[in-house]
Amino acid sequence: MGPFYFPFDNLLCMLLGISFTVWITLLLVFIIVPAIFGVSFGIRRLYMKTLLKIFEWATLRIERGAKERNHPVYKPYTNGIIAKEPTSLVEEMTEIRRSGSNRDLDGAATLSSSPLASGSSSSSEFEMSDIFYFCRRGLESIVDDEVTKRFSAEELESWNLLTRSNYNFQHISTRLTVLWGLGVFIRYGFLLPLRVTLAFTGVSCLVVLTTLVGYLPSGRVKNFLSETAHLMCYRICVRALTAIITYHHSENKPKNGGICVANHTSPIDVIILASDGCYAMVGQTHGGLMGFIQRAMVRACPHIWFERSEVKDRHLVAKRLSDHVQDKSKLPILIFPEGTCINNTSVMMFKKGSFEIGCTVYPVAIKYDPRFGEAFWNSSKYGMVNYLLRMMSSWAIVCSVWYLPPMSREEGEDAVQFANRVKAAIARQGGLVDMLWDGGLKRGKVKDTFKEEQQKLYSKILVGTQEDRSRS
Amino acid sequence: PLWCDKVLLRASRRVEIAYFSHSQITRLYSRFHSLDKGENGALSREDFQRIPELAINPLGDRIINAFFPEGEDQVNFRGFMRTLAHFRPVEDNEKSKGHDASEPLNSRNNKLLFAFRLYDLDRDDKISRDELLQVLRMMVGVNISDEQLGSIADRTIQEADTNGDMSISFSEFIKVLEKVDVEQKMSIRFLH
């Protein structure tokens, strides 16, 4: 180690120091300060437009390359792969009986001397061909069913230069591979560290600021500061994901004393909504880092955290929620009635608990654009950390949020019907499929009552109603 | 990823290629793969039961059973496609000759045989009164009494049985259903 190395050391230190300062300044100017004040330079939108152009080119290039090599391209079809007959059980059974049976259908004359033969022209007796309906329906559901595909990420029609969403990748052209490699470098070498830094900043700011605000006496000043602190930190987190969000109909934003319900795709939904408005969160208390953050947040403004044991007690949950909404000084509650993450192509059954409380419901529809990054959290495949890493190494998270007009329960409507009405409104706005199935089917089995309904329907066809049942 | 499994796909192109186009096979394989939670290249009965629409089908268990050969409880992709091939529409028959010039899997007869086997619980090529009762019970649940169900079964056998052995053989089954449009009722059309 002679004097030969010193100038280089000095130079190196100087360079590092300068680049570090520049880096921090850029970060502050372009990201942190706009986050604090809620303004935007429009850089992210420009980024999005550029990316779209590149993706289009990439997809065309793949198709061209595939054609040259006479290779079929795998194209996902969102409308399903088989044609499903829309006929119901009743329709099909009557049709089977009408079209082909060796039994004489009209009048009293019968082929056999069985006393059971009914003279009814709708011939409600058992046919051996009845089995065809159940058989075909069963096979159709094996090939393509409506439910299980909601629990895995939607397939993209065009490629977005991420290996994880690619079904056709082989070496098609050098330019494409170079572009892909460049994409990997940019995302993992530049965007990921940037985002992780921002995420840390955002979360630590949240903890620090909410703790500080917590020391103030209750009052308007505290509420104002708490709201500002929350908003600011969530905006930094939004930038940490490079989330490009478009809010529609902000005049319908949830107000105090109400409940905000939205469709659930990922834990990021919370950040997206909370960066545009202040909500009281509902959830289970966790230990560790999550618990630490929760405890800090609740000091600044009243969130609703439940112990694990309390979650099972539905009355307790309902009581706490309704106490909260009755206090008009408290923020609107944010709830995801599906209870689990769905892949953003459909809205599944809403649990009726939050609709029984009897206050105004503010529906919100969230629709992600999967071309820039898949936001759906497939919790059976990826853990939380893995998921966050994938989020932060995608291009961006692009979504639209629609605030729908508030709804209340009408006369003569029970909680389930109200929940379905809200769900239909959200599905319509977001362009999602409205489904009656329970999101809990991701992990659990379907209830036997559904099979029993089918059996009941079929029995009705077999023996008719009480009046025209043939004597045996 | 899908393109890695080309080896598997190539291996499956024996008989089944006659019934499905390349893109249909790829799509079916993607479906097979998504059902295969254990990722061991074969489906078990539990994998099928995880499909909610199949679980609520009164004959769900019988249909699932049709995929599994006698005594086995794993079905690989070839077996999966083979069973599904029964449901190809009949008009697509120009190129689909059986590999030993036997009847194609999706012929009217083979579709009827598939349905026959749904009734024939013990695979003895006869539908006995007892088997018919059991299948009926699956379809109606608890909504019909034993006596009434028994009469329905008796009548059905009486009408179908021509050789007096109090059970329905396959040829008797075919006769009963000769006027039914089997091809349409037991076919699934692919969109692409």
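Which chain is which? The protein sequence lines are A and B, in order. The first sequence runs 1 to 472 under UniProt numbering. The second sequence runs 1 to 192 under UniProt numbering. No residue lacks a Cβ here, since even glycine has one placed at the ideal position from N, Cα and C.
In terms of residue numbering, what span does the beta strand (DSSP E) encompassing residue i cover?
i: Asp369/A; result: 361-369
i: Trp395/A; result: From DSSP, Trp395/A is part of no beta strand (DSSP E); its letter is neither H nor E.
i: Leu212/A; result: Where Leu212/A is concerned, there is no enclosing beta strand (DSSP E), although the alpha helix (DSSP H) it sits in stretches over 192-214.
i: Trp305/A; result: 304-306
i: Ala243/A; result: 243-248
i: Ala262/A; result: 259-262
i: Ile335/A; result: 333-335
For the alpha helix (DSSP H) containing residue i, list its first residue and its last residue.
i: Gln158/B; result: 146-160
i: Cys278/A; result: Per DSSP, Cys278/A belongs to no alpha helix (DSSP H) and is neither H nor E.
i: residue 474/A; result: With chain A running from 1 to 472 in the structure shown, residue 474/A is simply not present.
i: Tyr458/A; result: 448-463
i: Glu56/A; result: 43-68
i: Val182/B; result: 182-185
i: Glu140/A; result: 131-143
i: Phe350/A; result: No alpha helix (DSSP H) contains Phe350/A, which DSSP labels as neither H nor E.
i: Val298/A; result: 288-300
i: Asp130/B; result: 129-140
i: Asp323/A; result: 314-326
Quick check on residue i: buried or exposed, where buried means 16 or more other Cβ atoms within 10 Å of its Cβ?
i: Asp144/A; result: buried
i: Ser346/A; result: buried
i: Pro104/B; result: buried
i: Phe37/A; result: exposed
i: Tyr279/A; result: buried
i: Arg45/A; result: exposed
i: Ala424/A; result: exposed
i: Met290/A; result: exposed
i: Leu334/A; result: buried
i: Asn10/A; result: exposed
i: Ile56/B; result: buried
i: Ile24/A; result: exposed
i: Cys13/A; result: exposed
i: Arg409/A; result: buried
i: Trp57/A; result: exposed
i: Ser167/B; result: buried
i: Ala83/A; result: exposed
i: Arg469/A; result: A caution first: Arg469/A carries a pLDDT of 45, below 50, which makes its placement in the model unreliable, though a value can still be read off. Its Cβ having fewer than 16 others within 10 Å, Arg469/A is exposed.
i: Tyr215/A; result: exposed
i: Arg27/B; result: buried
i: Pro254/A; result: buried
i: Val142/B; result: exposed
Hey, residue i and residue j are a contact pair by Cβ (cut 8 Å); roughly how many whole angstroms apart?
i: Tyr263/A; j: Ile426/A; result: Looking at the sequence itself, residue 263/A is Asn, so the reference to Tyr does not match. Their Cβ separation, rounded to whole angstroms, is 6 Å, which keeps Asn263/A and Ile426/A in contact under 8 Å.
i: Leu321/A; j: Ser354/A; result: 7 Å
i: Phe55/A; j: Trp180/A; result: Going by Cβ atoms, the distance from Phe55/A to Trp180/A rounds to 11 Å, so no, they are not a contact pair.
i: Leu112/B; j: Gly80/A; result: Leu112/B to Gly80/A, Cβ: 27 Å. No contact.
i: Gln49/B; j: Ile25/B; result: In fact, because the Cβ distance is near 25 Å, the residues do not count as touching under 8 Å.
i: Ile131/A; j: Leu118/B; result: 6 Å
i: Gly258/A; j: Pro406/A; result: 7 Å
i: Leu457/A; j: Leu89/A; result: 5 Å
i: Thr265/A; j: Asn378/A; result: Between Asn378/A and Thr265/A the Cβ distance is about 11 Å, and since that is not below 8 Å, they are no contact.
i: Pro337/A; j: Lys351/A; result: 5 Å
i: Ile31/A; j: Leu198/A; result: 7 Å
Take residue i as the anchor and find which of the options has the nearest alpha-carbon.
i: Leu231/A; options: Asn256/A, Arg220/A, Val221/A, Cys205/A; result: Cys205/A
i: Lys381/A; options: Phe20/B, Glu39/B, Thr26/B; result: Glu39/B
i: Val213/A; options: Val203/A, Ala229/A, Phe200/A, Leu198/A; result: Ala229/A
i: Arg195/A; options: Val184/A, Lys253/A, Met392/A, Asp313/A; result: Met392/A
i: Cys233/A; options: Ser459/A, Glu413/A, Val270/A; result: Val270/A
i: Arg239/A; options: Ile43/A, Asp9/A, Gln454/A, Asn10/A; result: Ile43/A
i: Lys460/A; options: His22/B, Phe80/B, Pro89/B, Met139/B; result: Met139/B
i: Cys399/A; options: Ala318/A, Ile272/A, Gly439/A, Ala66/A; result: Ile272/A
i: Pro34/A; options: His315/A, Arg390/A, Ile236/A; result: Ile236/A
i: Glu85/A; options: Gly383/A, Ser141/A, Tyr47/A; result: Ser141/A
i: Ser152/A; options: Ala66/B, Lys37/B, Lys126/B; result: Lys37/B
i: Pro267/A; options: Val385/A, Glu453/A, Gly358/A; result: Val385/A
i: Val261/A; options: Arg69/A, Tyr403/A, Arg61/A, Glu91/A; result: Tyr403/A
i: Lys442/A; options: Val135/B, Pro52/B, Ser171/B, Arg31/B; result: Pro52/B
i: Ser226/A; options: Val361/A, Thr360/A, His303/A; result: His303/A
i: Asn223/A; options: Asn256/A, Val463/A, Thr59/A; result: Asn256/A
i: Ala18/B; options: Asn106/B, Glu70/B, Leu136/B, Gly141/B; result: Asn106/B
Measuring from the CB of residue i, is there a heavy atom of the ligand ADP at a distance below 7 Å?
i: Gly219/A; result: Questions concerning the ligand ADP fall outside what the structure shown contains, since it holds no ligand whatsoever.
Of all the beta strand (DSSP E) runs that stay within the bounds of the stretch 69-123 of chain B, which reach a length of 3 or more residues?
none
Runs of alpha helix (DSSP H) lying entirely within the UniProt domain "EF-hand" (23-58) of chain B, each at least 4 residues, in chain order
45-49, 52-55
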